[in-house]
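In the UniProt record's numbering, the protein residues as written are 1 to 197.
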Amino acid sequence: MEGGKLIIFSAPSGSGKTTIVRYLLEQPELNLAFSVSATSRPRRGKEKNGEHYYFMTVSEFKKHIKNDDFLEWEEVYRDNFYGTLKTEVERLWAEGKNVIFDIDVVGGLRIKKKYPDVTLAVFVKPPSVDELKIRLKKRSTESDDKINMRIAKASVELATAPQFDKVIKNYDLDTALIEAKNLVAEYVGAKTSKTEG
Ligand code: 5GP
Numbered sequence: 001m002e003g004g005k006l007i008i009f010s011a012p013s014g015s016g017k018t019t020i021v022r023y024l025l026e027q028p029e030l031n032l033a034f035s036v037s038a039t040s041r042p043r044r045g046k047e048k049n050g051e052h053y054y055f056m057t058v059s060e061f062k063k064h065i066k067n068d069d070f071l072e073w074e075e076v077y078r079d080n081f082y083g084t085l086k087t088e089v090e091r092l093w094a095e096g097k098n099v100i101f102d103i104d105v106v107g108g109l110r111i112k113k114k115y116p117d118v119t120l121a122v123f124v125k126p127p128s129v130d131e132l133k134i135r136l137k138k139r140s141t142e143s144d145d146k147i148n149m150r151i152a153k154a155s156v157e158l159a160t161a162p163q164f165d166k167v168i169k170n171y172d173l174d175t176a177l178i179e180a181k182n183l184v185a186e187y188v189g190a191k192t193s194k195t196e197g
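Given below as structure tokens:
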């Protein structure tokens with residue numbers, strides 16, 4: 001596979017990385033396209049198949065693993081598989097795009113290892129684990145059990161931050177957005193104003 005750059009955003013669930021990724025996708029000069037992951041987790045709220053994720057059953061997911069269709073995959077939570085299909089990155093590269101990923105830390109570092117020369121791996125750091133808890137509860141898309149599972153994973157994930165190329169502290173969203181935009185613009189060689197949000 002060859003083509004544009006790979007931009008990875010990884011962080012504990014609730015850190016705000018999805019908001020940052022969405023904002024970056026709205027900046028035309030970055031020429032980004034979102035890598036839609038495959039997952040076996042149930043659809044949440046207004047999520048659409050092929051837009052937010054390619055939703056599939058556990059057995060469909062396992063078939064793709066067997067066929068070696070994934071660039072990386074992970075059982076992020078029990079029976080909730082997530083993975084990046086090779087065809088997804090090939091498709092976006094063929095369109096001449098830089099590809100942006102919103103994936104977990106293990107998957108992010110795995111892609112970085114496979115494509116070290118064309119990958120920028122960014123870790124988004126939340127203010128604290130307590131703040132994460134508050135954000136996840138506010139989102140109220142999951143049960144308490146699931147929220148606790150995500151919180152427990154967060155501490156392990158936070159320890160991987162030093163392995164990333166860059167760490168963005170998401171203490172203030174506007175500041176984090178500008179920082180993210182400038183980082184990515186520099187990496188993909190796009191012209192952008194350093195002060196504009
Ligand atoms: P959620 O269920 O909140 O959409 O995602 C849970 C976690 O799985 C998040 O950290 C998300 O970034 C991660 N994730 C989403 N897609 C992928 C993927 O393709 N591969 C890996 N390894 N993790 C992913």
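Backbone N, C-alpha and C define an ideal beta-carbon position, used for all residues, glycine too.
* Cβ neighbours of residue 49 in the same chain (closer than 8 Å, five flanking residues each side left out) -> Here the set comprises 43 and 55.
* Residues near residue 13 by beta carbon distance below 6 Å, same chain, minus five either side -> 150
* To do: Within the same chain, show all residues whose beta-carbon is closer than 8 Å to that of residue 18, passing over the 5 residues directly before and after it, in chain order.
  => 102
* Asked: Would you say the stretch 4-13 touches the stretch 113-127, given that touching needs at least three Cβ pairs under 8 Å?
  -> Pairwise C-beta distances place the stretch 4-13 in contact with the stretch 113-127, as three or more of them are shorter than 8 Å.
* **Selection from 105, 140 and 134 that minimises the alpha carbon distance to residue 166** => That would be 105, whose Cα lies nearest to the Cα of residue 166.
* Asked: Around the Cβ of residue 28, are there at least 16 other Cβ atoms within 10 angstroms (buried) or fewer (exposed)?
  -> exposed
* To do: Please say whether residue 30 and residue 188 have beta carbons closer to each other than 8 Å?
  => By the CB criterion at 8 Å, residue 188 and residue 30 fall inside the cutoff.
* Asked: Between which two residues does the beta strand (DSSP E) harbouring residue 74 extend?
  -> 70-77
* **residue 76 versus 186, 176 and 37, residue with shortest Cα-Cα distance** => Of 186, 176 and 37, the residue nearest in Cα terms is 37.
* For residue 155, which option in 70, 129 and 139 has the closest C-alpha, if you only look at C-alpha atoms? -> 129
* To do: Reducing DSSP to helix, strand and coil, say where residue 167 ends up.
  => For residue 167, the three-state secondary structure derived from DSSP is strand.
* Asked: So who's on the other strand from residue 125, going by DSSP bridges?
  -> 169
* **For residue 16, the first and last residue of its enclosing alpha helix (DSSP H)** => Premise fails: residue 16 is in no alpha helix (DSSP H) and is neither H nor E.
* Best match in 94, 95, 97 and 64 for proximity to residue 81 [C-alpha to C-alpha] -> 64
* How is residue 55 classed by DSSP in three states: helix, strand or coil? -> strand
* Along the chain, where does the alpha helix (DSSP H) that runs through residue 87 open and close? -> Note, residue 87: alpha helix (DSSP H), 86-94.
* To do: In angstroms with no decimal places, state the Cα-to-Cα distance between residue 53 and residue 86.
  => 14 Å
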